[in-house]
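The numbers in this note's numbering rise by one with no breaks, and the one at position 30 of the sequence shown is 30.
Idealized CB from N, CA, C, for every residue including glycine.
Predicted model, so just to flag it, every value in this text is computed and none were measured.
Below is one structure; the comments refer to it alone.
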Amino acid sequence: MGISIHRYDAVIVGAGLAGLAAARELESRGKHVCVLTKLHPLRSHSGAAQGGINAALKDDDSTESHIFDTIKGSDYLANQEAVELMCSSAPETIRWVEHMGAAFSREEDGTIAQRPFGGQSFPRTCYAKDRTGLTLLQTLFEQAHRDGVEFWDEWYVADINI
1 MGISIHRYDA VIVGAGLAGL AAARELESRG KHVCVLTKLH PLRSHSGAAQ
51 GGINAALKDD DSTESHIFDT IKGSDYLANQ EAVELMCSSA PETIRWVEHM
101 GAAFSREEDG TIAQRPFGGQ SFPRTCYAKD RTGLTLLQTL FEQAHRDGVE
151 FWDEWYVADI NI
């Protein structure tokens with residue numbers, strides 16, 4: 001009885017939103033990718049996130065205000081460079097996932113709806129009703145699967161030797 005050997009350019013452990021996003025981006029750049037996950041990807045804990053994602057999308061909002069609100073909300077304990085990168089990238093990230101098919105809630109004029117949430121001083125939370133995490137999880141999983149990412153469900157990683 002032989003042992004099967006699989007070769008990948010990248011092995012991602014965990015099929016939450018971060019793992020799916022990384023897998024999809026690598027695969028779309030021509031890398032052969034595998035995702036190992038304890039559960040089916042659509043059962044990831046990321047699906048439980050309901051509130052939404054903050055992004056300064058409106059003309060009367062600003063990235064600087066988003067950064068300040070986020071750092072203040074962390075009681076000034078957050079890594080401020082990481083917060084600046086996250087908040088600066090947020091509008092692009094919303095557009096990226098929207099272009100993949102994520103169905104955000106909409107205003108009457110068709111723009112992405114935003115509501116107050118999470119201690120922000122401006123209504124900048126983009127949401128998909130009260131199932132934002134599940135909507136994003138389904139979108140990223142569908143796109144990663146379509147792009148050819150291989151998924152190994154119900155596998156555990158106990159040790160990694162490089």
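Under 6 Å Cβ to Cβ from residue i, same chain only, skipping five residues before and after it: list those, please.
{"i": "Leu57", "result": "Pro91"}
{"i": "Ser28", "result": "Asp147"}
{"i": "Asp69", "result": "Gln120 and Ser121"}
{"i": "Ala22", "result": "Ile12"}
{"i": "Pro116", "result": "Pro123"}
{"i": "Leu26", "result": "Ala10 and Val33"}
Looking at the strands, I want to know which residues DSSP matches up with residue i.
{"i": "Val11", "result": "Cys34"}
{"i": "Gln50", "result": "The partner list for Gln50 (beta bridge, DSSP) is empty, contrary to what the question assumes."}
{"i": "Glu150", "result": "Cys34"}
{"i": "Arg131", "result": "Arg131 pairs with nothing; no bridge assigned."}
{"i": "Arg106", "result": "Ile112"}
Got a sec? Which residues, its chain only, sit under 7 Å from residue i by beta carbon, not counting five neighbours each side?
{"i": "Phe141", "result": "Leu20, Pro41 and Leu42"}
{"i": "Asp60", "result": "none"}
{"i": "Leu134", "result": "Gly47"}
{"i": "Ile67", "result": "Val83, Glu84 and Cys87"}
Quick check on residue i: does DSSP put it in helix, strand or coil?
{"i": "Arg95", "result": "helix"}
{"i": "Gln138", "result": "helix"}
{"i": "Gln80", "result": "helix"}
{"i": "Thr125", "result": "strand"}
{"i": "Gln143", "result": "helix"}
{"i": "Ile3", "result": "coil"}
{"i": "Ile112", "result": "strand"}
{"i": "Arg29", "result": "coil"}
{"i": "Phe117", "result": "coil"}
{"i": "Leu39", "result": "coil"}
{"i": "Leu85", "result": "helix"}
Here's the rule I'm using: 16 or more other beta-carbon atoms within 10 Å means buried, otherwise exposed. How should residue i be labelled?
{"i": "Asp130", "result": "exposed"}
{"i": "Thr111", "result": "exposed"}
{"i": "Ala128", "result": "buried"}
{"i": "Arg124", "result": "buried"}
{"i": "Asn24", "result": "Note on identity: in this sequence residue 24 is Arg, with Asn being the wrong assignment. Arg24 comes out buried."}
{"i": "Asn79", "result": "exposed"}
{"i": "Gln50", "result": "exposed"}
{"i": "Val35", "result": "buried"}
{"i": "Gly2", "result": "exposed"}
{"i": "Ile53", "result": "buried"}
{"i": "Ala103", "result": "exposed"}
Which same chain residues, not among the five before or five after residue i, have their C-beta less than 8 Å away from its C-beta?
{"i": "Ser65", "result": "Ala56, Ser121 and Phe122"}
- Query: Would you call the region 6-22 and the region 140-156 in contact, with 3 or more CB pairs under 8 Å?
  - Reply: In this structure the region 6-22 touches the region 140-156; the number of beta carbon pairs closer than 8 Å is three or more.
- On the three-pair Cβ rule with 8 Å, is the region 68-75 touching the region 97-117? The answer is no - the region 97-117 does not touch the region 68-75, with fewer than three Cβ pairs under 8 Å.
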